[in-house]
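Enquirer: Going letter by letter, the sequence shown gives residues 875 to 1084 in this note's numbering.
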Amino acid sequence: MEFDLAITDALLSTTRAVRKRLDLEKPVPREVILECIALSQQAPTGSNTQGWRWVIVDDADKRAALGELYRSGAGDYLSAAAAATPTEGQTGRVLSSAMWLMENIEKVPVLAIPCIEGRFPEGAPLAMMASQYGSIFPAVWSFQLALRARGLGSVLTTLHLMKEKETAELLGIPDGMLQVAMLPVAYTKGTDFKRAARPGAETITHWNGW
Ligand SMILES: Cc1cc2nc3c(=O)[nH]c(=O)nc-3n(C[C@H](O)[C@H](O)[C@H](O)COP(=O)(O)O)c2cc1C
875 MEFDLAITDA LLSTTRAVRK RLDLEKPVPR EVILECIALS QQAPTGSNTQ GWRWVIVDDA
935 DKRAALGELY RSGAGDYLSA AAAATPTEGQ TGRVLSSAMW LMENIEKVPV LAIPCIEGRF
995 PEGAPLAMMA SQYGSIFPAV WSFQLALRAR GLGSVLTTLH LMKEKETAEL LGIPDGMLQV
1055 AMLPVAYTKG TDFKRAARPG AETITHWNGW
């Protein structure tokens, strides 16, 4: 099989964190979400445990409740970050966009919460934590790429985890599950996202030692 590198590289380099360009009006069919979850299930997991679980929230009342939880977890953090950051530049733009998302998150048609089966104890060995998180985030990114290929956008957020317990109670998530993120998902307004400025790969790469 030969990949079309122009298309593949465009997908990998233009899948951005989308917030203000999420289309809040266009409904997202459940089949599309399931298709993207099915693709995400091809991602690797430690010892092939495949412990991915997804809680997809498209009910308006539950999204409103999640919005409240997100704001109560993110508000102080984002306000402090915004006060300490100049508005111009990449970080300033990200913060303004993150503030907008915080205020509007419940209007996004779908809120997806990826979880992984199994929590690690406090002070768990690094290898255990790496294996647990490393067994869900590859799937999360595949989900985001699959969405982008279908004209949808998303943004990986973690600030609701300040209220992880309250979220678990709201959605009936069992005790043994580890929530790792919450992704607002919607069709995007236009699909012309750009490659972001990043430092050259050679500046972050060390060959044969640091
Ligand atoms: C681990 C992680 C946590 C994040 N948490 C949040 C969050 O809570 N809220 C938010 O608006 N964006 C969050 N983001 C999105 C980042 O701000 C975004 O990925 C980054 O600014 C790069 O954006 P770009 O891909 O469009 O260049 C998070 C991203 C990652 C990888």
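Quick reminder that beta carbons are idealized off the backbone N, C-alpha and C, glycines included.
Can you confirm whether the stretch 904 to 912 touches the stretch 959 to 977 when touching is taken to mean that 3 or more C-beta pairs between the two stretches lie within less than 8 Å?
Expert: no
Enquirer: CB G1050 to CB E996, shorter than 9 Å?
Expert: Stepping through the sequence shown from its first residue, residue 1050 is reached at position 176. Stepping through the sequence shown from its first residue, residue 996 is reached at position 122. Result no, Cβ atoms of G1050 and E996 do not sit closer than 9 Å.
Enquirer: Unbroken beta strand (DSSP E) runs of length 3 or more, entirely within the stretch 996 to 1074: which are they?
Expert: 1026 to 1028, 1051 to 1053 and 1057 to 1061
Enquirer: Would you check whether ligand 1 has a heavy atom nearer than 8 Å to the C-beta of L898?
Expert: On the sequence shown, position 24 is the one that residue 898 refers to. No, Cβ of L898 sits at least 8 Å from all heavy atoms of ligand 1.
Enquirer: Could you compute how far the alpha carbon of T1079 sits from the alpha carbon of P1073?
Expert: As a position in the sequence shown, residue 1079 is number 205, starting the count at 1. As a position in the sequence shown, residue 1073 is number 199, starting the count at 1. Roughly 11 Å between the two C-alpha positions.
Enquirer: Taking 5 Å as the limit, name every residue whose beta carbon sits nearer than that to some heavy atom of ligand 1, in sequence order.
Expert: R890, A891, V968, A972, L975, L1030, T1031, T1032, L1033 and A1070
Enquirer: Kindly list the residues whose CB is nearer than 7 Å to the CB of I930, restricted to its own chain and excluding five residues on each side of it in sequence; keep chain order.
Expert: To locate residue 930, count along the sequence shown from 1; it is residue 56. I907, V984 and A986, listed in sequence order.
Enquirer: For R890, which residues from the same chain have a beta carbon less than 6 Å from its beta carbon, with the 5 sequence-adjacent residues on both sides left out?
Expert: Taking the first residue of the sequence shown as position 1, residue 890 is located at position 16. Non-local C-beta neighbours of R890 in its own chain, meaning closer than 6 Å and more than five positions away in sequence, comprise F1067, ordered along the chain.
Enquirer: Alpha carbon to alpha carbon, what distance is there between I1047 and A1055?
Expert: Your numbering for residue 1055 matches position 181 in the sequence shown. Your numbering for residue 1047 matches position 173 in the sequence shown. Near 14 Å, if we compare the C-alpha coordinates of I1047 and A1055.
Enquirer: Quick check on this structure: which residue in D950, K900, V968 and R945 has the alpha carbon closest to the alpha carbon of V1029?
Expert: Residue 1029 sits at position 155 when you count from the first residue of the sequence shown. Answer by Cα proximity: V968.
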